[in-house]
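Engineer: Okay, here's the structure, questions in a sec.
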Amino acid sequence: MNIGIIDPSILDDIARHLSQARRILFITGAGISADSGLSTYRGQGGLYNETVTDEGFPIEEAVSGPMFQRRPDITWKYLSMMAEGREGATFNDGHRVIAEMEHSPEVGDVCVLTQNVDGFHRAAGSENVIEIHGNSRELYCPACGWETQIDSYGEIREIPPHCPQCNAVIRPRVILFEEMLPEAALDHLFAEMNQGFDMVFSIGTSALFPYIVQPVVDAARRGKPTVEINPAETDLSDMVDYRLASGARDALTALWSQYSDRLRRSF
Ligand code: APR
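In my numbering, the protein residues as written are 181 to 447.
As structure tokens, this is what we get:
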């Protein structure tokens with residue numbers, strides 16, 4: 181395992197693997213959006229660090245499916261607070277580099293598996309994106325199927341908001357704690373996994389969930405290069421081939437520049 185903040189020789193190694201990979205998976209978490217000014221959930225300044233809410237519930241219970249059924253006002257209160265933290269923010273160069281890789285004729289097929297609900301990968305131009313925890317900008321009515329897209333939670337006038345068609349409480353198309361993952365996203369992930377990946381990046385995630393860890397484990401087991409980009413260590417850190425203890429934006433822009441230099445040298 182190689183450790184390097186942004187060591188040119190390590191970057192060149194990663195760029196070489198990238199140039200040889202036909203299929204590349206980028207797994208991302210809240211850390212890639214930290215460079216857009218968004219708080220992460222855990223770690224320094226994490227949204228979940230305040231262990232108990234004003235109402236006396238653990239945050240994971242306040243933003244859970246059962247709580248939404250019982251007390252949607254509480255769930256909406258914390259979903260809105262988290263959304264407020266995203267107001268005015270947008271994608272950063274880390275998201276942009278991954279989108280450029282997807283559309284570059286020199287790079288293999290790119291897939292993004294993101295836990296983020298901010299929509300930044302698509303906004304940056306990525307198309308093959310699996311939003312495994314949904315997208316907070318999409319709102320829908322569980323009762324009648326009404327749906328809409330919003331740009332800002334500031335547009336929501338009441339908490340909890342009601343359906344304009346049937347007056348039931350509406351919700352964002354995100355996965356709350358104790359809820360099942362979206363079937364379409366899982367189908368997309370399984371289809372991608374069945375084709376296999378030649379290289380897997382884990383970027384800005386504490387890697388807590390099995391569906392996030394598994395693609396890295398599979399790649400490592402098949403001897404495919406694995407890379408972690410995260411200033412902090414995670415359970416994946418001892419397993420990956422390369423660990424860049426760096427912010428995602430800096431590491432990805434440095435990698436893209438190294439890759440482009442290699443390409444120029446190869447002509
Ligand atoms: N660049 C890269 N990584 C960073 C940066 C940065 N600039 N800043 C912080 N990190 C790392 C932290 O060290 C941490 O390991 O990002 C990670 C963020 O971890 P979490 O806050 O746990 O976020 P995430 O892994 O996406 O959480 C997964 O948990 O609660 C659920 O639905 C929620 O999607 C979320 C999921």
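C-beta atoms are modelled at their ideal positions from N, C-alpha and C, and glycine is treated no differently. Nothing here was measured: the structure is a model prediction, and the numbers come from that model.
Just checking Ala214 against the ligand APR - is the residue's beta carbon closer than 8 Å to any of the ligand's heavy atoms?
Structural biologist: The answer is yes for Ala214.
Engineer: By how many angstroms is the C-alpha of Ser219 removed from the C-alpha of Asn410?
Structural biologist: When rounded, the distance between both Cα atoms is 15 Å.
Engineer: Output the boundary residues of the beta strand (DSSP E) element that contains Gly314.
Structural biologist: Looking at the DSSP string, the run of the beta strand (DSSP E) that includes Gly314 is Gly314 to Tyr320.
Engineer: Suppose you measure from the CA of Ile186 to the CA of Gly217; what does that come to, to the nearest Å?
Structural biologist: Each residue's Cα considered, the two are about 22 Å apart.
Engineer: Output needed for His342: all residues of its chain with C-beta closer than 8 Å, excluding positions within five of it in sequence on either side, in chain order.
Structural biologist: Same-chain partners within the cutoff: Ala348, Val349 and Ile350.
Engineer: With DSSP collapsed to three states, give me the class of Phe300.
Structural biologist: Looking at Phe300 - three-state DSSP - the assignment turns out to be helix.
Engineer: Between Thr406 and the rest of its own chain, which residues show a CB-CB distance below 6 Å, the 5 nearest in sequence each way excluded?
Structural biologist: For Thr406, where only same-chain residues beyond five positions count, the Cβ hits under 6 Å are Val380, Val396, Ala399, Ala400, Val420 and Asp421.
Engineer: Below 8 Å, how does it come out for the region 253 to 273 and the region 208 to 217: are there three or more Cβ pairs, yes or no?
Structural biologist: Yes: at least three Cβ pairs fall under 8 Å.
Engineer: Please report how far the alpha carbon of Gln157 lies from the alpha carbon of Arg445, in whole angstroms.
Structural biologist: What the structure shows of the chain is the stretch from 181 to 447, and residue 157 is not part of that stretch, so it cannot be assessed.
Engineer: Can you have a look at Ile194 and say buried or exposed, based on whether 16 or more other CB atoms are within 10 angstroms of its CB?
Structural biologist: Buried, by the Cβ-count rule.
Engineer: Under DSSP, the beta strand (DSSP E) around Tyr422 begins and ends at which residues?
Structural biologist: Start and end: Tyr422 to Leu424.
Engineer: Alpha helix (DSSP H) containing Pro238: first to last residue?
Structural biologist: From DSSP, Pro238 is part of no alpha helix (DSSP H); its letter is neither H nor E.
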